[in-house]
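Residue numbers for the sequence shown follow full-length UniProt numbering, beginning at 1 and rising by one.
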Amino acid sequence: MRDIENAEAGGAVVKGFIGPPGGGAKMTANGMERKIQDRDISLTFAKGMSVLKAFDTSSTHLTLPQIARTTGLDRATTRRLVLTLVHLGYVKQEDRVFSLTPRILVLAGGFLQGRQFGKTIEPVIRSFSNQISEPISMAMVDGDQAVYVAHAGARANSVSIGFTVGSKLSLLSSAIGRALVAGYPAGEAEKLIATAPLVPFTNATSMDRDAIAADITATTQRGYAYVVGEFEAGVAAVAVPVRPDNAEPNAIGVSGDASRFEDPKVRQNIIETLRECAKVVAELL
Numbered sequence: 001m002r003d004i005e006n007a008e009a010g011g012a013v014v015k016g017f018i019g020p021p022g023g024g025a026k027m028t029a030n031g032m033e034r035k036i037q038d039r040d041i042s043l044t045f046a047k048g049m050s051v052l053k054a055f056d057t058s059s060t061h062l063t064l065p066q067i068a069r070t071t072g073l074d075r076a077t078t079r080r081l082v083l084t085l086v087h088l089g090y091v092k093q094e095d096r097v098f099s100l101t102p103r104i105l106v107l108a109g110g111f112l113q114g115r116q117f118g119k120t121i122e123p124v125i126r127s128f129s130n131q132i133s134e135p136i137s138m139a140m141v142d143g144d145q146a147v148y149v150a151h152a153g154a155r156a157n158s159v160s161i162g163f164t165v166g167s168k169l170s171l172l173s174s175a176i177g178r179a180l181v182a183g184y185p186a187g188e189a190e191k192l193i194a195t196a197p198l199v200p201f202t203n204a205t206s207m208d209r210d211a212i213a214a215d216i217t218a219t220t221q222r223g224y225a226y227v228v229g230e231f232e233a234g235v236a237a238v239a240v241p242v243r244p245d246n247a248e249p250n251a252i253g254v255s256g257d258a259s260r261f262e263d264p265k266v267r268q269n270i271i272e273t274l275r276e277c278a279k280v281v282a283e284l285l
């Protein structure tokens, strides 16, 4: 798993620990909150979280040496943390190989249920997705990436590379990511643009932060982001910011075959539908 951010706590650095932008200060729509002091951080807990984050879509089954290399922890520490997670039921062991268990979903369940994503948000998204016969996804910012928190209306022939609720994607190379950044105050948006990772997902991926900043400014002005082939080859995506009162930014978006999105009428219909959907969702947050 790629090291997204290093977290420094109590003088030690834990590789793979992902925190909010600012190294311990929480990013919000209303500005930066008080930075948490190093003395108030549990380094052991941070190390345990880095172990959980070592498991991703490309590394679902890992040995202790592999986890140690990914997290940057020594073998003994890695072993204690992994066995603790096995004892708690979040990780299972088969011979010398470890993997996550369904219990890990409980950690996300409180967040999703508390915000009524399944009960109130997804039915709304589904109703609008039926109008355009396209699945609609909703995302929020997590550190320097976007993470899907709701998804509805998927069709069997929709374009996708397997994303689902909890999947992460680029803030700077995806339409929904740029729509999220556009929802932040200027200073916070500038920081995300300057620090979020840039990965050449395709030959069309922009690696020019100034050009991306200009596109995010345009997104703010026109009210939607439009990205073609930068995150997935041959795939276009449209996304709009969701602007709830006194809440952190969200965004909703649609992706599909780029050739279909070339039709201005099709694209405009999707944009208008997303805008109407965003208004309703904003009132529910």
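Heads up, the beta-carbon is just placed ideally off N, CA and C, and yes, glycines get one too. Keep in mind the model is a prediction, meaning the values are calculated, not measured.
>> To the nearest angstrom, how far is the alpha carbon of Glu188 from that of Glu94?
In response: Within the sequence shown, the letter at position 188 stands for residue 188. Within the sequence shown, the letter at position 94 stands for residue 94. Approximately 44 Å, taken between the alpha carbons.
> For Asn203, which of Ser173, Arg69 and Ile136 has the nearest alpha-carbon?
Replying inline: In the sequence shown, residue 203 corresponds to position 203, counting from 1. When only C-alpha atoms are compared, the closest one is Ser173.
> For Ile252, which residues does DSSP report across the bridge?
Replying inline: Your numbering for residue 252 matches position 252 in the sequence shown. Answer is Met138 and Val240, bridged to Ile252.
> What do you get for His151, buried or exposed, if any count of 16 or more other CB atoms within 10 angstroms of its CB means buried?
Replying inline: What you label residue 151 is simply residue 151 of the sequence shown in a count that begins at 1. The residue is buried, with at least 16 neighbouring Cβ atoms inside 10 Å.
>> Let's test the definition: count the other Cβ atoms within 10 Å of the Cβ of Ser133 and tell me whether it reaches 16, buried, or not, exposed.
In response: For the purposes of this step, residue 133 is identified with residue 133 of the sequence shown, where counting begins at 1. Per the 10 Å Cβ criterion, exposed.
> Less than 7 Å separating the beta-carbons of Val147 and Lys119?
Replying inline: Residue 147 sits at position 147 when you count from the first residue of the sequence shown. Residue 119 sits at position 119 when you count from the first residue of the sequence shown. Taking 7 Å as the Cβ cut-off, Val147 and Lys119 do not qualify as a contacting pair.
>> Beta-carbon within less than 6 Å of Val280's beta-carbon, same chain only, minus the 5 sequence neighbours each way: which residues are those?
In response: Within the sequence shown, residue 280 is the residue found at index 280, counting from 1. Hits under 6 Å: Val124.
> Based on Cα-Cα distance, which residue from Thr63, Ser59 and Leu85 lies nearest to Lys47?
Replying inline: Within the sequence shown, the letter at position 47 stands for residue 47. Closest in C-alpha terms to Lys47, from the list Thr63, Ser59 and Leu85, comes Leu85.
> Any idea which residues DSSP pairs Asp257 with across the strands?
Replying inline: Taking the first residue of the sequence shown as position 1, residue 257 is located at position 257. Paired residues: Val235.
> Is it right to say residue 288 is buried, meaning 16 or more other beta carbons lie within 10 angstroms of its own, or is it exposed?
Replying inline: Nothing can be reported for residue 288, as the shown portion of the chain is limited to 1 through 285.
> For Leu180, which of Val242, Arg267 and Phe45 has the nearest alpha-carbon?
Replying inline: Mapped onto the sequence shown, residue 180 falls at position 180. Closest by alpha carbon: Val242.
> Exposed or buried, Asn250, counting other C-beta atoms within 10 Å across all chains shown (16 or more means buried)?
Replying inline: Taking the sequence shown and counting its residues from 1, the one referred to as residue 250 is at position 250. So Asn250 ends up on the buried side.
> Exposed or buried, which one is Ser99 when buried takes at least 16 other CB atoms within 10 Å?
Replying inline: If you number the sequence shown from 1, residue 99 lands on position 99. Exposed, because fewer than 16 other Cβ atoms sit within 10 Å of the Cβ of Ser99.
> Taking Cβ positions, are Ile176 and Val254 nearer each other than 7 Å?
Replying inline: Within the sequence shown, the letter at position 176 stands for residue 176. Within the sequence shown, the letter at position 254 stands for residue 254. The answer is no: Cβ separation not under 7 Å.
> Which first and last residues belong to the beta strand (DSSP E) in which Ala152 is found?
Replying inline: Position 152 of the sequence shown, counting from 1, holds the residue named residue 152. Segment Gln145 to Ala152, the beta strand (DSSP E) holding Ala152.
> What number of angstroms, rounded off, separates the C-alpha of Met207 from the C-alpha of Leu198?
Replying inline: As a position in the sequence shown, residue 207 is number 207, starting the count at 1. As a position in the sequence shown, residue 198 is number 198, starting the count at 1. Computed Cα separation, rounded: 6 Å.
>> Do Val106 and Leu81 have their beta-carbon atoms positioned less than 7 Å apart in this structure?
In response: Reading the sequence shown from its first residue, position 81 is the one you call residue 81. Reading the sequence shown from its first residue, position 106 is the one you call residue 106. Going by C-beta atoms, Leu81 is not nearer than 7 Å to Val106.
> Which whole-angstrom value describes the C-beta separation of Arg178 and Asp215, a residue pair presumed to lie in contact below a C-beta threshold of 8 Å?
Replying inline: Within the sequence shown, residue 178 is the residue found at index 178, counting from 1. Within the sequence shown, residue 215 is the residue found at index 215, counting from 1. The pair is a contact, with the Cβ atoms about 6 Å apart (cut-off 8 Å).
> What residues in its chain sit with their C-beta under 8 Å from that of Pro200, if we drop five residues either side in the sequence?
Replying inline: Here residue 200 refers to the residue found at position 200 when the sequence shown is read from its first residue. Closer than 8 Å at the Cβ level, and outside the excluded window around Pro200, lie Met207.
> Taking Cβ to Cβ, would you say Ile270 is nearer than 7 Å to Val235?
Replying inline: Against the sequence shown, residue 270 aligns to sequence position 270. Against the sequence shown, residue 235 aligns to sequence position 235. Here Ile270 is not near Val235, since their CB atoms are 7 Å or more apart.
>> Are the CB atoms of Cys277 and Phe128 within a distance shorter than 7 Å?
In response: The residue you call residue 128 lines up with position 128 of the sequence shown. The residue you call residue 277 lines up with position 277 of the sequence shown. Going by C-beta atoms, Phe128 is nearer than 7 Å to Cys277.
> Taking the C-alpha atoms as reference points, what is the distance between Arg75 and Thr63?
Replying inline: Counting from one through the sequence shown, the residue named residue 75 turns up at place 75. Counting from one through the sequence shown, the residue named residue 63 turns up at place 63. Arg75 and Thr63: Cα-Cα distance of roughly 11 Å.
> Taking the C-alpha atoms as reference points, what is the distance between Leu284 and Thr78?
Replying inline: Residue mapping note: residue 284 aligns to position 284 of the sequence shown, counting from 1. Residue mapping note: residue 78 aligns to position 78 of the sequence shown, counting from 1. Cα-Cα distance, rounded: 42 Å.
>> Using the Cβ count rule (16 or more neighbours within 10 Å means buried), how would you classify Gly153?
In response: Translated into positions along the sequence shown, residue 153 becomes position 153. Gly153 should be labelled buried.
> Can you tell me the Cα-Cα spacing of Gly229 and Phe261, whole angstroms?
Replying inline: Position 229 of the sequence shown, counted from the start, is the residue given in the question as residue 229. Position 261 of the sequence shown, counted from the start, is the residue given in the question as residue 261. The straight-line gap from Cα to Cα measures roughly 11 Å.
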